[in-house]
Structures are given as structure tokens and as C-alpha cells.
Amino acid sequence: MQMSKSAGTEWSFILHSESALAAWGAQLAGILKIGDVIALEGNLGSGKTTLARAIIRAIYGEATVVPSPTFTLVQIYEGERLAIWHCDLYRLKGPEDTFEIGLDEAYGEAVTLIEWPDRLGAALPARALHVRLENDDVEVENARRIFINAGDTWRQRLEELRCDDA
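Count the sequence shown with my numbering and you get residues 318 to 483, in order.
Set out below in C-alpha cells:
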């Protein structure tokens, strides 16, 4: 994986296979802590659920069943190290629809993985790590271009992750 850094705290890189995406998700899982929010952005089929599944399985084991929460909106995983809330907000119309699922609770007690975070609007925590996956302009089948936009709270942890992979 070749990571290129742009101005500020933005990175982009290409992962050439679904297994490479899963491996990167497992590495990302290793730096997560309670209170982290990851906004998973991208078109349908770009790999958001694949990345979330890799993160969850890295923490809870490969045998963990990780269905897409498209219809349930939220899947909650609990374990010794940390809890994960995996949310898919695709079917929601706006931020007001999220009050019923209790995301505020997750923000303080778990790692929150949010697919379709645009549905939250300004209600998305400013501290969120934005991970955008794109697969339409990549020439290799199953490859994805990953764009990361991170605030200061993520910078050092991502630098360590980047260095581990360099």
C-alpha cells in the first residue's frame, strides 16, 4: 500500500483487493478506543460494510457473524476490549431519525462505525474519522481508493498506523 499525504490531515491510497481492504481494516481496529467515531463514506458497493466487517472481526474474531445493519439500522457488538456500534443510516431521511437509535450513548461508550454518515448532518461528531471508499475510478477489479480525513485527535494514531505499513 502506498499512502500519499496531502495538506493537513488527509491521506489517500489504493488497496488492490478486498483482502487488502480487510487487512487494512484489521490494522485500523488495533488503534481504536472507546469514543472513536468512524464515518464510512462512499457509493453503494464501495466497500463500507466490508471495511466495517474487517474491523469487527479483527476485534471479536474471524468467526463473528457481521450482517449489514441496513434493515436493523444498528448492530451492537460487546466484548472485553470495547463495544462497537455498527450503524447503517442509508434508509434514514435526516438527523432527527437517529434520536431513536441512541447514537449519543454509543459516542461515549463504544466505537461507532457509521455507514452513510451524511444522514447525520451537523449531528455527526466533529471528532469523527472520515474514511471515503471509491471504486469507480480504479483500474484494477476489486481495488479501492481510500481517502482519509482526520482531525488532530486521529493524527498521531494514523501516523503510527501508516508507519507500520510503510
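All C-beta atoms in this analysis are idealised placements derived from N, C-alpha and C, irrespective of residue type, glycine included.
Using a threshold of 7 Å, is the CB atom of ASN360 nearer than that to any non-hydrogen atom of the ligand NAD? Among the ligands in the structure shown, none appear at all, so the ligand NAD cannot be discussed.
Roughly how many angstroms separate the alpha carbons of LEU441 and LEU406, rounded to a whole number? In the sequence shown, residue 441 corresponds to position 124, counting from 1. In the sequence shown, residue 406 corresponds to position 89, counting from 1. Taking the straight line from one Cα to the other gives about 12 Å.
Which residues does DSSP pair with ALA356 in a beta bridge? Locating residue 356 in the sequence shown gives position 39, counting from the first residue. Partner(s): ILE431, HIS447.
Can you list, in chain order, the residues of its chain whose CB lies under 6 Å from that of GLU327, leaving out five sequence neighbours each side? Looking up residue 327 in the sequence shown gives position 10. If you ignore the 5 residues before and after GLU327, its C-beta comes within less than 6 Å of the C-beta of ASN466, all in its own chain and listed in chain order.
Which residue from LEU332, GLU335, ALA343 puts its Cα closest to that of LEU478? Numbered from 1 along the sequence shown, position 161 holds the residue referred to as residue 478. When each option's Cα is compared against that of LEU478, the closest is ALA343.
Range covered by the beta strand (DSSP E) that runs through TYR394: If you number the sequence shown from 1, residue 394 lands on position 77. From DSSP, the beta strand (DSSP E) with TYR394 extends over 391-394.
Reducing DSSP to helix, strand and coil, say where LEU475 ends up. Numbered from its first residue, the sequence shown carries residue 475 at position 158. The answer is helix: DSSP assigns LEU475 an H, G or I state.
Using the Cβ count rule (16 or more neighbours within 10 Å means buried), how would you classify ASN360? As a first step, residue 360 is located in the sequence shown; it is residue number 43 there, counting from the start. Counting of Cβ neighbours within 10 angstroms places ASN360 among the exposed residues, the total staying below 16.
Given SER334, which residues of its chain have a CB within under 6 Å of its CB, disregarding the five upstream and five downstream residues? Along the sequence shown, one-based indexing puts residue 334 at 17. Within the same chain, SER334 has close Cβ partners ASN459.
Of all Cβ atoms in chain B, is any one closer than 8 Å to the Cβ of SER334? Among the chains of the structure shown, chain B does not appear; only one protein chain is present.
Identify, in the order they occur along the chain, each residue of the same chain with its Cβ nearer than 6 Å to the Cβ of ILE393, setting aside the five sequence neighbours on each side. Locating residue 393 in the sequence shown gives position 76, counting from the first residue. Closer than 6 Å at the Cβ level, and outside the excluded window around ILE393, lie TRP402.
Does DSSP put LYS322 in a helix, a strand or coil? The residue given as residue 322 occupies position 5 in the sequence shown. Reliability fails at LYS322, whose pLDDT of 46 lies under 50, so the model's placement of it is uncertain and the value that follows must be treated cautiously. DSSP places LYS322 in strand when its eight states are reduced to three.
As assigned by DSSP and simplified to three states, the class of ASP414: Position 97 of the sequence shown, counted from the first residue, corresponds to residue 414. DSSP places ASP414 in helix when its eight states are reduced to three.
I'd like to know whether the C-beta atoms of ILE373 and LEU345 end up nearer to each other than 8 Å. Reading the sequence shown from its first residue, position 56 is the one you call residue 373. Reading the sequence shown from its first residue, position 28 is the one you call residue 345. Cβ atoms of ILE373 and LEU345: not closer than 8 Å.
How would you call LYS350, buried or exposed, if buried means at least 16 neighbouring beta carbons within 10 angstroms? Residue numbering aside, residue 350 sits at position 33 when the sequence shown is read from its first letter. With fewer than 16 other Cβ atoms within 10 Å, it is exposed.
Relative to the C-alpha of ASP453, which candidate in GLN473, ASP421, GLY362 has its C-alpha closest? What you label residue 453 is simply residue 136 of the sequence shown in a count that begins at 1. That would be GLY362, whose Cα lies nearest to the Cα of ASP453.
Opening and closing residue of the alpha helix (DSSP H) in which ARG461 lies: Along the sequence shown, one-based indexing puts residue 461 at 144. Here ARG461 belongs to no alpha helix (DSSP H); instead the beta strand (DSSP E) covers 461-466.
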